[in-house]
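If you read the protein sequences in the order shown, they are chains A and B. My numbering puts the first residue of the first sequence at 20, with every later residue one more than the last. My numbering puts the first residue of the second sequence at 20, with every later residue one more than the last. We put the CB at the ideal spot given by N, CA and C, even for glycine.
2 protein chains.
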Amino acid sequence: MPSEPRATNAAPLRRLRADAVRNRERLLAAARDVIVEQGADAPLDEIARRAGVGIATLYRRFPDRPALLHEVALDLLGRSTHEASTALAAEPDAFAALARYLHRALDLGISAVMPALIGQLRLDEELLTARRASAKAVEAIVAAARADGSLRGDVTSGDVGLLLVRLARPLPGPFPPVVNRRLAHRHLDLVLDGLRSRAAPEAPLAGPAMTFDDLAAMAETAAWPRDGSPPEPRT
Amino acid sequence: MPSEPRATNAAPLRRLRADAVRNRERLLAAARDVIVEQGADAPLDEIARRAGVGIATLYRRFPDRPALLHEVALDLLGRSTHEASTALAAEPDAFAALARYLHRALDLGISAVMPALIGQLRLDEELLTARRASAKAVEAIVAAARADGSLRGDVTSGDVGLLLVRLARPLPGPFPPVVNRRLAHRHLDLVLDGLRSRAAPEAPLAGPAMTFDDLAAMAETAAWPRDGSPPEPRT
DNA sequence: GCTCAAATGGAGGAGATTCCTCCGCATAGA
DNA sequence: TCTATGCGGAGGAATCTCCTCCATTTGAGC
Chain A
20 MPSEPRATNA APLRRLRADA VRNRERLLAA ARDVIVEQGA DAPLDEIARR
70 AGVGIATLYR RFPDRPALLH EVALDLLGRS THEASTALAA EPDAFAALAR
120 YLHRALDLGI SAVMPALIGQ LRLDEELLTA RRASAKAVEA IVAAARADGS
170 LRGDVTSGDV GLLLVRLARP LPGPFPPVVN RRLAHRHLDL VLDGLRSRAA
220 PEAPLAGPAM TFDDLAAMAE TAAWPRDGSP PEPRT
Chain B
20 MPSEPRATNA APLRRLRADA VRNRERLLAA ARDVIVEQGA DAPLDEIARR
70 AGVGIATLYR RFPDRPALLH EVALDLLGRS THEASTALAA EPDAFAALAR
120 YLHRALDLGI SAVMPALIGQ LRLDEELLTA RRASAKAVEA IVAAARADGS
170 LRGDVTSGDV GLLLVRLARP LPGPFPPVVN RRLAHRHLDL VLDGLRSRAA
220 PEAPLAGPAM TFDDLAAMAE TAAWPRDGSP PEPRT
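Dropping the structure here:
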């Protein structure tokens, strides 16, 4: 954790004043919330308002919308990677690690934010690297859980990712945030019970079985086979 | 099924010309799709375009946005009620009926449309009656499945409804509709396996246990206890 | 404390979106 | 054939969102 001038991006060369750093972080947090609630097209004025700063401050810190979204994504991917590797190291068995990671990821909000950013993000090397690291860490957990037989054999990493996307988006309706959070964790527990291997033989799952890589490729292309089968994985 | 001038609402007294009836149905279908994709605030121009009619035709058939939304909701609630009672009558056991209804409801899109309309609907007696009928029919299935022990004891009708809401919303990203549909059904199968009673004792579920009635009350109030527990059921 | 480069807020013009009426033309139905 | 009913889409009004500009405030080094 270097104390040198941050170089998160290529841009920020100058050292920021303390209040500017604080405002920058508030803006990132507000952006996360607003993107989850309103999508990637949310008015920037709203983000500034929610962060408690003027709109000019937002534009001073992030030259335009893509720059802001880029920083939000990088930040989240880093946290996700950290949670995933920690989970696998800290939990005694792989399924527990999977459950722990998913609950943490739910709180991070990554599975609500990242999908909303699809098609809006400038996919530069920095971002692709971060995404690869995060995907790899999560894949490791899924692979481990499958290897020790605790995860259903017909469940793919794509299923895990997409189910989390469904759980992470706040429910429409007047649920206060705390209720939404609790319901999401409750429903995650139910879903986890569906993911666990059972003694009785499983009925085969219908529908496309997608890997995590298929999902990553999705973020870059809109080309899908007509029949709805997963696209060819990239190499 | 009377052949008299339809009186779906209080308004349409005059018999519609054949092409007008056709356009009305196209508009309702397009409205369903667009509401699911873009929410209840979607531009009416887009709905008209998708239906293949001019914007004037939409305004001629539905005086304003609330009127259109009202008709969409009524239509869906009716279909849902029908599917629910059919399922319970036609399937040999209650869990199969539940599974069948949920798959059908997914295809209807009711759980994607109705939540998007919360707060936008004029809740008149006609609509409340339709909603009550639909809720009752679904509750009957859930109660039957719980009674015969096939549904987990700690799962409420609210859980079932909310899980379907999560599954019914199209995933963000460039999934073509057919893929979205298949993924939703696949994930519903996984969720159903989580809802089924298991031999092994279940870990207790955290989070608020809500009934279907709690959800209905939600559509009418934004008042929630501070601690995130479900609101008092109305009587 | 003093000083000043750095940071701040919010007004407001430009441009984009959306609503919804109006009116001349087309067509279903008898 | 005839006409009441229905149709499409242009376009003015109202609203929303972006993003710059500048007078004022503040952090931090001396």
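At a cut-off of 7 Å between beta carbons, Leu182 of chain B contacts chain A.
From the listed residues A:Arg84, A:Ala235, A:Ala163 and A:Asp167, the smallest Cα separation to Ala59 of chain A is found for A:Arg84. Against chain A, a Cβ distance below 8 Å from Arg141 of chain B picks out nothing, because the smallest value is about 17 Å. Contact note: Arg185 of chain B reaches chain A through Arg185, Leu186, Arg188, Leu190 and His206, using a C-beta cutoff of 8 Å and chain order. Taken through DSSP and simplified to helix, strand or coil, Leu140 of chain B comes out as coil. Nearest to Ala48 of chain B by alpha-carbon distance, out of B:Gly172, B:Phe194, B:Glu65 and B:Arg33, is B:Glu65. Shown here, Leu121 of chain A sits in a helix according to DSSP, grouped into three states.
Straight through space, the alpha carbons of Pro191 of chain A and Pro196 of chain B are spaced by roughly 21 Å. Contacts between Pro111 of chain A and chain B, judged by CB atoms closer than 8 Å, are missing: the closest CB pair is about 16 Å apart.
Close partners of Leu88 of chain B in chain A (Cβ separation under 8 Å) are lacking, with about 14 Å as the shortest Cβ gap. Proximity of the stretch 129 to 139 of chain A to the stretch 86 to 104 of chain A meets the contact definition, three or more beta-carbon pairs being nearer than 8 Å. Short of 7 Å from the beta carbon of Ser130 of chain B, and not among the five residues preceding or following it, lie these beta carbons of its own chain, in chain order: Ala124, Leu183, Val184 and Ala187.
Out of B:Thr76, B:Thr100, B:Ala70 and B:Ala164, the CA that lies nearest to the CA of Ala50 of chain B is found in B:Ala70.
Using a Cβ-Cβ cut-off of 9 Å, Asp178 of chain A is close to Leu202, Arg205, His206 and Leu209 of chain B, given in chain order.
Going by beta carbons, Ala163 of chain A and Ala218 of chain A fall outside the 7 Å limit.
Residue pairing by DSSP places Arg215 of chain B opposite B:Leu170 in a beta bridge. Chain-order list of chain B residues neighbouring Leu214 of chain A: Leu209 and Gly213, by C-beta distance under 8 Å. At a cut-off of 7 Å, the C-beta of Leu224 of chain B has a neighbouring C-beta in chain A. For Pro111 of chain A, no alpha helix (DSSP H) encloses it, and the DSSP letter there is neither H nor E. Per DSSP, the unbroken alpha helix (DSSP H) holding Thr76 of chain A starts and ends at Ile74 to Arg80.
For the C-beta of Pro227 of chain A, the chain B residues within less than 9 Å are, from N- to C-terminus, Val198, Arg201, Leu202 and Arg205.
Nearest Cα to Phe231 of chain A within the set A:Arg98, A:Pro223, A:Ser216 and A:Leu181: A:Leu181. Between Leu95 of chain B and Gly177 of chain B, the alpha-carbon positions lie close to 19 Å from each other.
Look at Ala203 of chain A here: in three-state DSSP terms it is helix. The C-beta distance from Val55 of chain A to Gly128 of chain A rounds to 6 Å, short enough to meet the 8 Å contact threshold. With fewer than 16 other Cβ atoms from the protein chains shown falling within 10 Å of its own Cβ, Pro223 of chain B counts as exposed.
Listed along chain B is no residue with a C-beta nearer than 8 Å to that of Ala124 of chain A; the closest approach is about 16 Å. Contact of Pro134 of chain B with chain A by beta-carbon distance below 8 Å involves Leu190, Pro191 and Gly192. The contact set of Ile137 of chain A on chain B, defined by CB atoms closer than 8 Å, consists of Pro191, Gly192 and Pro193 in chain order. Taken through DSSP and simplified to helix, strand or coil, Pro189 of chain A comes out as coil. The residue among A:Glu110, A:Leu214 and A:Glu221 with its C-alpha nearest the C-alpha of Leu170 of chain A is A:Leu214.
Take the alpha-carbon of Arg80 of chain B and the one of Arg141 of chain B: they are about 18 Å apart. His204 of chain B and Pro189 of chain A have their C-alpha atoms spaced approximately 21 Å apart. Judged by DSSP secondary structure, Arg45 of chain B falls within the alpha helix (DSSP H) whose first and last residues are Ala37 to Gln57. Exclusion of the five residues before and after Ser99 of chain A leaves Ala124, Leu127, Ile129, Ser153, Ala156 and Val157 as the residues of its chain whose Cβ lies within less than 8 Å of its Cβ. When the alpha-carbon of Leu46 of chain B is set against those of B:Val72, B:Ala61, B:Glu145 and B:Arg34, the nearest one is in B:Val72.
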